[in-house]
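Working notes, structure below.
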Amino acid sequence: MAEQHVSLKRVQVAQPKHLFKQTQLLVTLTQHYSRILNNSNMSFSRINRARPLLVRCMSNIPENSVYGGPKPQNPNQRVTLTHLRQKHKNGEPITMVTAYDYPSAVHLDSAGIDICLVGDSAAMVVHGHDTTLPITLEEMLVHCRAVARGAKRPLLVGDLPFGTYESSTNQAVDTAVRILKEGGMDAIKLEGGSPSRITAARGIVEAGIAVMGHVGLTPQAISVLGGFRPQGKNVTSAVKVFI
560 MAEQHVSLKR VQVAQPKHLF KQTQLLVTLT QHYSRILNNS NMSFSRINRA RPLLVRCMSN
620 IPENSVYGGP KPQNPNQRVT LTHLRQKHKN GEPITMVTAY DYPSAVHLDS AGIDICLVGD
680 SAAMVVHGHD TTLPITLEEM LVHCRAVARG AKRPLLVGDL PFGTYESSTN QAVDTAVRIL
740 KEGGMDAIKL EGGSPSRITA ARGIVEAGIA VMGHVGLTPQ AISVLGGFRP QGKNVTSAVK
800 VFI
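Each residue of the sequence shown is one higher than the last, beginning at 560 in the working numbering.
This is how it looks when you write it as structure tokens:
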């Protein structure tokens, strides 16, 4: 069989900042490399000619996350409230993403996200309900544990599901403790800004658990709101949200 010549002259290495173009280049080089290897009569000199281009291409690809952003400087260091306060003080953006399962948690962990919320919206997104109300504490704990296994760096926040904290401050504290102890979360989130919710939040903080607030459109209050409607569109509604 006559020796076949595979031309690599037109292949150029893209700039490191163009990750998509580099991926295309890597595919092209791999295809050329495969053709060389699949031809049994090709000399090793041809193979060795392609290898440096592959190495050069791969060495120029930055060690980026799956979303194209740089990995955090300390990827193994858990984000804490202290870190978030410092970022806020420095005017740095704080990122937050919702996740319900292990694969999603792994991806946002790799992307360097600061906060991961395990939301009760899993009732709708994962379980197919029309509202967030049906999800139980036991179901939330399953989601929390799955996310905790996948996300090692972000501050993990678990939602308190409807019906698990409204009755009393003691009930709210008990539920929050379970979210941390059994769910592996770092903090909890509860909805509303009424006096009773503020009292519950204060009790949870006094128990040593950080609390994330949630005002405005509160899905757990859909019965009162009459649906998922934007809040704060008039003065009265805006004052209610703000205060």
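By construction, the Cβ of each residue, glycine as well, lies at the ideal position given by its N, Cα and C atoms.
For residue j and residue i, the rounded distance between their alpha carbons
i    : j    : result
T690 : V716 : 20 Å
V685 : R644 : 32 Å
L676 : V656 : 6 Å
R712 : T795 : 40 Å
T641 : K792 : 34 Å
C703 : L692 : 17 Å
E664 : R637 : Sequence check: residue 664 is Ala here, not Glu. Each residue's Cα considered, the two are about 14 Å apart.
Y724 : L749 : 8 Å
V764 : T654 : 23 Å
V736 : I768 : 8 Å
H647 : V774 : 20 Å
D679 : P652 : 25 Å
G751 : L667 : 27 Å
I807 : P789 : The question about residue 807 has no answer here: the residues shown for the chain are numbered 560 through 802.
E741 : L700 : 7 Å
F721 : D673 : 26 Å
T698 : N649 : Residue identity differs from the one stated: residue 698 is Glu in this sequence, not Thr. Those two C-alpha atoms are separated by around 38 Å.
T639 : G687 : 33 Å
V770 : N729 : 15 Å
S753 : A658 : 27 Å
Buried or exposed by the 16-neighbour rule on C-beta atoms within 10 Å, applied to residue i
i    : result
S669 : buried
A797 : exposed
T734 : buried
G762 : buried
G627 : At G627, the pLDDT of 44 sits below 50, so the modelled position is not reliable; the number obtained from the coordinates is stated separately. G627 should be labelled exposed.
S727 : exposed
Limits of the unbroken beta strand (DSSP E) element including residue i
i    : result
D718 : 714-718
Unbroken alpha helix (DSSP H) run spanning residue i, endpoints
i    : result
I738 : 728-740
H702 : 696-709
Beta-carbon separation (whole angstroms), residue i vs residue j, contact threshold 8 Å
i    : j    : result
L714 : D745 : 5 Å
G743 : A707 : 3 Å
I757 : L719 : The pair is not a contact, with the Cβ atoms about 14 Å apart (cut-off 8 Å).
I694 : A682 : 4 Å
A760 : G772 : 7 Å
A705 : Y661 : 5 Å
Continuous alpha helix (DSSP H) assignments of at least 4 residues falling wholly in the region 746-771: 754-765
Unbroken beta strand (DSSP E) runs of length 3 or more, entirely within the region 634-685: which are they? 655-657, 674-677
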